[in-house]
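Visitor:
Spelled out as structure tokens, the structure:
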């Protein structure tokens, strides 16, 4: 019987040359975007630029909203909520695709600059779940903002242009690493030793701290900042890699920050190409997922609820809080986040029958969490069936998968916090190899299916 068994295959099997070209062209645009926007602030700026070009306007500029209107709101420069107002009444709910735009990285400490052993360094504090050894002896670039006491904001980007210097954290040579090699990985690489080399030429303008002074003199000449300004800055060290096609067949993309900008970009493109849906379509890009969605730019804040309340009030001549509550209860969300693709090199940590694979389609994850689904959002079967129906109707190829073997793997997304708002939610994203590493791998077919799936959901 046709369809009796659930079967998966590589998505590139049997597709036309025209379809392959469409997929590759879309992914080339994505590669350019992810190379340019390596931090949550930079991706937020990119999103605003794309939304402006597509005719979206700031929510605050509107005194009322009608079907077809396209608006966005910015959360402190680190998140964006974009809306395409639907033909249905707003209290009938919205279709939300929510992704996060922060990624694991190395933040500078508030007082980062020091010198020791004839070298100037920045001290760092890692952000999110990293494997520390992966960040040694790779090229790093410095991104972020410095805010002066008078409120002046200075953007910093060093290490991306071909003529820029880069930074790195030195590793121990194998000749001297015998004791280090005998330790467990977690103990062998200490967080307080993730010190970044930033200079080596002494400055004769001072008697003490000549290396520190030399570094600060260069920064002052270029950006007009002094050492105390580090305290009021947000500066991040990220890999200086460009996104590149991977494999002789160019079927994959290797890049920093696929988690989760691959889902953020595809969701953003989907909402931009949504014109006049039945239910209001929402692309929600948030910060701080990698550290538990905390803070006023994370999913646990009231930002989205407050923004949606404003949208509801502008859609209705007579507004009360019940309209917002009904809107939330009648809304649906795809929590757009990546998953762990099966890696044959480490087969022992996967349960193959319930794993996802590169280039086999958009990944649907019914539940997240760890061990006995602790911290999970576990989607209702009715909602999973509804989403599968939408994707099937739109010709979206999809697959399912968990994040590793039970009691070995596990992880979380923004889904549980969306569910706390009384919204139906299901995780749907792109499988990755090397998640949270400085150079993650995503399949081009999966990227395109994410875009196609998010657009189908927004237009349902």
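In the working numbering, the protein residues as written are 156 to 615.
Cβ atoms here follow ideal geometry from the backbone N, Cα and C, with glycine treated the same way.
Model, not experiment: these values are computed from the prediction.
On a CA-only basis, which of 321, 361, 286 and 299 is nearest residue 341? Give me that one, please.
Guide: Minimum Cα distance to residue 341 is reached at 286.
Visitor: Classify residue 569 as buried or exposed, calling it buried when 16 or more other Cβ atoms lie within 10 Å of its own Cβ.
Guide: Buried, since its Cβ has 16 or more Cβ neighbours within 10 Å.
Visitor: Which runs of the alpha helix (DSSP H), 4 residues or longer, sit entirely within the segment 183-226?
Guide: 195-208
Visitor: Please state the DSSP three-state secondary structure of residue 371.
Guide: helix
Visitor: Tell me whether residue 187 is buried or exposed, calling it buried when 16 or more other Cβ atoms sit within 10 Å of its Cβ.
Guide: exposed
Visitor: List the DSSP bridge partners of residue 255.
Guide: 441
Visitor: Do you know offhand how far residue 102's Cα is from residue 176's?
Guide: As displayed, the chain neither begins before 156 nor continues past 615, which places residue 102 out of reach and without an answer.
Visitor: Please classify residue 508: does DSSP put it in a helix, a strand, or coil?
Guide: helix
Visitor: Within 10 angstroms of its Cβ, does residue 333 collect 16 or more other Cβ (buried), or is it exposed?
Guide: By the 10 Å Cβ count, residue 333 comes out exposed.
Visitor: Just checking my contact of residue 625 with residue 510 at CB under 8 Å: how many whole Å lie between their CB atoms?
Guide: Shown here, the chain extends from 156 to 615; a query on residue 625 therefore has no answer.
Visitor: Tell me residue 308's beta-bridge partners as DSSP assigns them.
Guide: 302
Visitor: CB-CB under 6 Å to residue 156, same chain, minus the five flanking residues each way: which ones, in chain order?
Guide: Residue placement at residue 156 is flagged as unreliable, the pLDDT there being 43, under the threshold of 50; a coordinate-derived value is accordingly withheld.
Visitor: In whole angstroms, give me the CA-to-CA distance for residue 160 and residue 521.
Guide: 19 Å
Visitor: So, with DSSP's three-state summary, where would you put residue 173?
Guide: helix
Visitor: As an exercise, report each continuous alpha helix (DSSP H) stretch of at least 4 residues that is fully enclosed by the segment 562-609, in chain order.
Guide: 570-574
Visitor: Buried or exposed for residue 279, please, with buried defined as at least 16 other CB atoms from any protein chain shown within 10 angstroms of its CB.
Guide: buried
Visitor: Determine whether the beta carbon atoms of residue 238 and residue 437 lie at a separation below 8 Å.
Guide: yes
Visitor: Return yes when the Cβ of residue 312 is within less than 8 Å of the Cβ of residue 300, no when it is not.
Guide: no
Visitor: So which of 205, 211 and 241 has the shortest CA-CA distance to residue 222?
Guide: 241
Visitor: Indicate the three-state DSSP secondary structure (helix, strand or coil) for residue 544 in the structure shown.
Guide: For residue 544, the three-state secondary structure derived from DSSP is helix.
Visitor: In terms of residue numbering, what span does the alpha helix (DSSP H) encompassing residue 465 cover?
Guide: 458-470
Visitor: Report the partner residues of residue 279 according to the DSSP bridge assignment.
Guide: 263.
Visitor: The beta strand (DSSP E) spanning residue 557 covers which residue range?
Guide: Premise fails: residue 557 is in no beta strand (DSSP E) and is neither H nor E.
Visitor: State the start and end residues of the unbroken alpha helix (DSSP H) segment that holds residue 482.
Guide: Residues 476-484.
Visitor: Are the beta-carbon atoms of residue 225 and residue 215 separated by less than 8 Å?
Guide: no
Visitor: Once the 5 residues before and after residue 275 are set aside, which same chain residues still bring their CB inside 8 Å of it?
Guide: Closer than 8 Å at the Cβ level, and outside the excluded window around residue 275, lie 268, 269, 352, 353, 354, 355, 366, 367, 369 and 370.
Visitor: For residue 336, does the three-state DSSP call read helix, strand or coil?
Guide: helix
Visitor: Should residue 257 go down as buried or exposed, given a rule of 16 or more other Cβ atoms within 10 Å for buried?
Guide: buried
Visitor: Along the chain, where does the alpha helix (DSSP H) containing residue 488 start, and where does it finish?
Guide: Segment 487-490 is the beta strand (DSSP E) holding residue 488; no alpha helix (DSSP H) there.
Visitor: In three-state DSSP terms, what is residue 523?
Guide: coil
Visitor: Quick one: what does DSSP say residue 250 is sitting in, helix, strand or coil?
Guide: strand
Visitor: Report the three-state DSSP secondary structure of residue 156 (helix, strand or coil).
Guide: Caution applies to residue 156, whose pLDDT of 43 falls short of 50 and renders its modelled position unreliable; the model cannot decide the point.
Visitor: Figure out for me which residue from 477, 182, 538 and 307 has the closest Cα to the Cα of residue 612.
Guide: 538
Visitor: Beta carbon of residue 282, beta carbon of residue 346: below 8 Å?
Guide: The answer is no: Cβ separation not under 8 Å.
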